[in-house]
Amino acid sequence: MKQPFVIVVTGRPGSGKTTLAHALATHICCPALCRDEFKEGYVHTLGGTHASLGPDINQRLYNIFFETVDFVVSKSISVVIEAAFQHKIWEPKLSHLAEIARVALIVCTVDPLLARSRWINRGLADVSRERFHGDNAVQAAQSGIELPVGDYDPPQMDLPTLTVDTTNSYSPALSQIVSFAMQSAIGSAECSNIPQPFNYCTE
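Residue 1126 in this note's numbering is what sits at position 163 of the sequence shown, and the numbering runs on without skipping anything.
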């Protein structure tokens, strides 16, 4: 049996990874599982807010997210997954996934100050995000406080990896990102048999 593939899209908050994950999933016709969207669904179900659900909510979501990814992959479903986890968080989970699936990494990069600005502006423009995410940088900005920019340590593993600059659109272009994903997941020989244009969804 052929292994499913898992395309991991990651980067610091505000790097554009969720938008890219959905665009990529649309072009290659597979589901996108995004950690923050899991959290939003979880908060909807339990009611309350990020703050009221306790200090371990992110750990709970981490477990739920990867339990879901493991289940989907165990059923031979290929998937795009997206989260802002750092290397130490990704590494044990991706090492496991690499044993049962073909895994490739797409790391979104952007100037840290620009990423934070995007992150804060998104939160200020959509006040409903506060209920679900409790973003510290957004809360500080609402009080006129500027927090230091945090470090981001991307996953560094022996897996096919593509770095994408998201400063202005995508560099490399989306078509090249799609090609990387498909060649990493399917293999260049099989991928060459897929008809162009680069949208691999035929439905």
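Even glycine gets a Cβ: it sits at the ideal position worked out from N, Cα and C.
For this session: Please classify T1008: does DSSP put it in a helix, a strand, or coil?
Result: helix
Exercise. With respect to the alpha helix (DSSP H) encompassing I991, which residues constitute its N-terminal and C-terminal limits?
Worked result: K980 to I991
Exercise. Below 7 Å between beta carbons: does that hold for S1041 and F968?
Worked result: yes
Problem set entry | Environment of H1013 [buried if 16+ CB atoms lie within 10 Å] | buried
Problem set entry | Residue environment, V1112, which counts as buried when at least 16 other CB atoms sit within 10 Å | exposed
Problem set entry | Same chain, Cβ closer than 7 Å to L1076, neighbours up to 5 away in sequence not counted | V1112
Exercise. Does DSSP classify G1122 as helix, strand or coil?
Worked result: Residue 1122 is actually Leu in this sequence, not Gly. DSSP places L1122 in coil when its eight states are reduced to three.
Exercise. Since S1132 sits in a beta bridge, which residues does DSSP pair it with?
Worked result: For S1132, which the question treats as bridged, DSSP gives no partner whatsoever.
Exercise. Measuring from the CB of R1081, is there a heavy atom of the ligand SAH at a distance below 6 Å?
Worked result: The ligand SAH is not part of the structure shown, which contains no ligands of any sort.
For this session: Could you tell me the distance, in whole angstroms, from the CA atom of R1081 to the CA atom of G974?
Result: Using only the alpha carbons, I get a separation of about 13 Å.
Exercise. V1043 to V1141, Cα distance in whole Å?
Worked result: 12 Å
Exercise. Excluding five sequence neighbours on each side, which residues of the same chain lie with their C-beta closer than 7 Å to the C-beta of G1017?
Worked result: none
Exercise. Mind checking E1045: buried by the 16 CB within 10 Å criterion, or exposed?
Worked result: buried
Exercise. Can you name, in chain order, every residue of its own chain whose Cβ lies under 8 Å from the Cβ of E1054, other than the five neighbours on each side?
Worked result: P1118 and M1120
Exercise. Cα separation between T982 and C1071?
Worked result: Per the coordinates, the alpha-carbon of T982 lies some 11 Å from the alpha-carbon of C1071.
Problem set entry | Distance between L1137 and D1213 (C-alpha atoms, nearest Å) | Since the first residue shown for the chain is 964 and the last is 1166, residue 1213 is missing from the structure and cannot be characterised.
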